[in-house]
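To keep things clear, I will list the structure first and then write my remarks on it.
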Amino acid sequence: MAANTQGLSDKALSIFAFAAYHRLLSGERVSSVIRRDGHGHEADPAGVAELETRGLASASETEISLGTEAQDFVDAVADAIRAASA
Numbered sequence: 001m002a003a004n005t006q007g008l009s010d011k012a013l014s015i016f017a018f019a020a021y022h023r024l025l026s027g028e029r030v031s032s033v034i035r036r037d038g039h040g041h042e043a044d045p046a047g048v049a050e051l052e053t054r055g056l057a058s059a060s061e062t063e064i065s066l067g068t069e070a071q072d073f074v075d076a077v078a079d080a081i082r083a084a085s086a
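Have a look at this one:
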């Protein structure tokens with residue numbers, strides 16, 4: 001696992017959990033997730049800031065774009081979920 005993903009807070013991990021949900025649902029690699037949907041749902045601001053500070057993502061008002069390392073981590077999270085059900 002990459003160093004930038006070690007010791008992430010639960011707020012940052014919640015963004016990866018959301019991305020892993022989309023990875024499992026679509027079967028496709030996830031390169032971005034919605035930050036704010038305009039209907040009251042949004043990623044935790046502290047989690048977003050942590051991902052940006054660690055160089056894992058960049059964010060606009062409505063979207064979080066995941067870098068390659070973050071995308072790899074999403075894949076690892078999805079794999080761990082699959083392994084937990086084996």
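At position 40 of the sequence shown the residue is numbered 40 (my numbering), and the sequence of numbers has no breaks. The beta-carbon is built from N, C-alpha and C at its ideal position, and this holds for glycine as well. Small disclaimer: the values here were computed from a predicted structure and weren't measured.
For residue i, the first and last residue of its enclosing alpha helix (DSSP H)
i: S26; result: D10 to S26
Unbroken beta strand (DSSP E) run spanning residue i, endpoints
i: S32; result: S32 to I34
Sequence-distant residues of the same chain with beta carbon closer than 7 Å to residue i, five excluded per side
i: S14; result: D44 and G47
i: F16; result: F73, V74 and V77
i: E63; result: S32, I34 and R35
i: T68; result: none
Supposed contact pair residue j and residue i - C-beta distance, whole angstroms, cut 8 Å
i: L66; j: A19; result: 7 Å
Cβ shell of residue i (< 8 Å), same chain only, five flanking positions each side left out
i: S31; result: S65, L66 and Q71
i: E52; result: S58 and A59
Spatial neighbours of residue i in its chain, beta-carbon cut-off 6 Å, leaving aside the 5 residues before and after
i: S58; result: S65
Quiz item: What are the complete beta strand (DSSP E) segments, minimum 3 residues, inside the region 37 to 69?
Solution: 57 to 59 and 63 to 66
Practice problem: Evaluate the contact criterion for the region 42 to 50 versus the region 75 to 83: three or more CB pairs, one atom per stretch, below 8 Å. | Solution: no
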